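Asker: Here the numbering used here is used: position 154 in the sequence shown is 156, and no number is missing along the way. Think of the CB as a built atom: it goes at the ideal place given N, C-alpha and C, for glycine as much as any other residue. Bear in mind the structure is a predicted one, so any value in this text is a computation, not a measurement. One structure is given below, represented as structure tokens, and several questions about it will come after.
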Amino acid sequence: MRILDMIDQIDFGALQAHDPSTRAKLRRGVLETGFLKINNTPISKENVDALIKAYGAFFAQSNAEKSKVDMAATGSNRGWGASGSEQVDPMANPDYKEVFDCGFELGKDDPLRAEGLLVYGDNQWPTAPEGFQATVQEYYAGAITLCRALLGHIAEVAEREAGYFDSRFTRPMALLRGNYYPARPDWAGEKDFGIAAHTDYGCLTLLTGDGTAGLEVLGADGDWHAVDMAPGEFVINFGEMLEMWTGGRVKATLHRVVGSGAERISVPMFFNPNHDTDVSAEGAEPISAGAYLKRRYDETYVHLQGKG
Numbered sequence: 003m004r005i006l007d008m009i010d011q012i013d014f015g016a017l018q019a020h021d022p023s024t025r026a027k028l029r030r031g032v033l034e035t036g037f038l039k040i041n042n043t044p045i046s047k048e049n050v051d052a053l054i055k056a057y058g059a060f061f062a063q064s065n066a067e068k069s070k071v072d073m074a075a076t077g078s079n080r081g082w083g084a085s086g087s088e089q090v091d092p093m094a095n096p097d098y099k100e101v102f103d104c105g106f107e108l109g110k111d112d113p114l115r116a117e118g119l120l121v122y123g124d125n126q127w128p129t130a131p132e133g134f135q136a137t138v139q140e141y142y143a144g145a146i147t148l149c150r151a152l153l154g155h156i157a158e159v160a161e162r163e164a165g166y167f168d169s170r171f172t173r174p175m176a177l178l179r180g181n182y183y184p185a186r187p188d189w190a191g192e193k194d195f196g197i198a199a200h201t202d203y204g205c206l207t208l209l210t211g212d213g214t215a216g217l218e219v220l221g222a223d224g225d226w227h228a229v230d231m232a233p234g235e236f237v238i239n240f241g242e243m244l245e246m247w248t249g250g251r252v253k254a255t256l257h258r259v260v261g262s263g264a265e266r267i268s269v270p271m272f273f274n275p276n277h278d279t280d281v282s283a284e285g286a287e288p289i290s291a292g293a294y295l296k297r298r299y300d301e302t303y304v305h306l307q308g309k310g
């Protein structure tokens, strides 16, 4: 399998400076390939290294320790998910990976708390490893800021007015996930994946990781292609919600992780709008972002399947 060469790499500083060639690469990634790589962001390699180390230390603990923050006990998607806790493709086996999810929390006095919305569930934090919560929350805040800046540029190439997304992301359904992919076991068959082929559910995904190969993207040629990503760099891709919201102008692209003989940690930020944002295409039946995301979560998380 060859490294995918259709994904453009853009410099965030040049994007902020409205460099024309960088803008052209952004347009191609948003409207054609559905994937981009980006470097020179305000999030340093040292920030990413600290985050990967924190997740590595968490996942290295015993299942008994991790299960103290098991999301399956909460009815939400906050905390640890054991291997097999998700199934993104109903035709494949549950995904062979562990996860740790945290997301945007409502203020203690926010009236939305009375609605008990899954997409704004309270986070669960482990007591070990030491400093885990602080490290993850520091990265989370930086990733939110970067995603908001990126959406400002994406709005322009998606033919929306400048600042279109600003008021729609004041309470973002932003989910940060640490993925731990064990080495692919000898018993794995054709229906076993680290994560099976899928498109992301929301708007913008900002992905970083430990540099271990694993991500594969379905190319226009119908073949799967590996995507390399150095530590401190980011991959950006777009989800079903944004494709729908923009009437198909923005492209959500299938991707997967088969797994290999190496362990891997990746960290996606799934950046999605306020729960009550209408994300339907112009002229289509209205649907809120929260309703769409809840339906997709209910289909994916094994502990939520069949609960409606």
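Please name the residue in L33, R25 and A215 whose C-alpha comes closest to that of G263.
Answerer: A215
Asker: Measure the C-alpha to C-alpha separation of G83 and D103 and round it to an integer number of angstroms.
Answerer: 8 Å
Asker: Buried or exposed: where does Y294 fall if 16 or more other Cβ atoms within 10 Å of its Cβ makes it buried?
Answerer: buried
Asker: Identify which residue in L178, S85, A56 and E88 has its Cα closest to the Cα of G105.
Answerer: L178
Asker: So who's on the other strand from W82, going by DSSP bridges?
Answerer: D72 and F102
Asker: Assuming S290 and T279 make a contact with CB atoms under 8 Å, what is their CB distance in whole Å?
Answerer: That pair is a contact at about 7 Å.
Asker: Compare the C-alpha of V138 against each of D230, S87, N79 and G180 and name the closest.
Answerer: Ranking the options by Cα distance to V138, first place goes to G180.
Asker: Please state whether the Cβ-Cβ distance between V252 and F240 is less than 8 Å.
Answerer: yes
Asker: If I measure Cβ to Cβ from Q11 and keep anything under 6 Å in the same chain, skipping five residues before and after, which residues do I get?
Answerer: K39
Asker: Can you tell me the Cα-Cα spacing of A66 and S268, whole angstroms?
Answerer: Each residue's Cα considered, the two are about 23 Å apart.
Asker: Which same chain residues, not among the five before or five after Q135, have their C-beta less than 7 Å away from its C-beta?
Answerer: W127
Asker: Quick one: complete alpha helix (DSSP H) runs, 4+ long, within the segment 119 to 199?
Answerer: 134 to 159
Asker: Can you give the Cα-Cα distance for Y141 and V260, rounded to whole angstroms?
Answerer: Cα-Cα distance, rounded: 27 Å.
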